[in-house]
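Mapping of the sequence shown onto UniProt numbering: position 16 corresponds to residue 16, and the numbering continues sequentially without gaps.
Built from N, CA and C at the ideal position, the CB exists for glycine as well.
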Amino acid sequence: MELACLIPSAGSTYAYSYHALGELPALVAGFLLTLEYGVSSAGGARSWSD
């Protein structure tokens, strides 16, 4: 069965990590994912500006 059917919430990485590992690892995973989005957006913007 798919994980999305087992954990029906809209949090994706945070929700799955929370249910599998607990609150602190989920918080770290969510923070790192947010950081990754910012870094990749900045890298894409820089590469398109040249």
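Any idea if residue i is buried or exposed, counting beta-carbon neighbours within 10 angstroms, 16 or more meaning buried?
i, result
"residue 45", "exposed"
Tell me, please, whether the CB atom of residue i is closer than 8 Å to any CB atom in chain B?
i, result
"residue 32", "Among the chains of the structure shown, chain B does not appear; only one protein chain is present."
Do the CB positions of residue i and residue j come within less than 8 Å of each other?
i, j, result
"residue 17", "residue 4", "no"
"residue 13", "residue 27", "no"
Kindly list the residues whose CB is nearer than 6 Å to the CB of residue i, restricted to its own chain and excluding five residues on each side of it in sequence; keep chain order.
i, result
"residue 9", "15"
"residue 38", "none"
"residue 25", "17"
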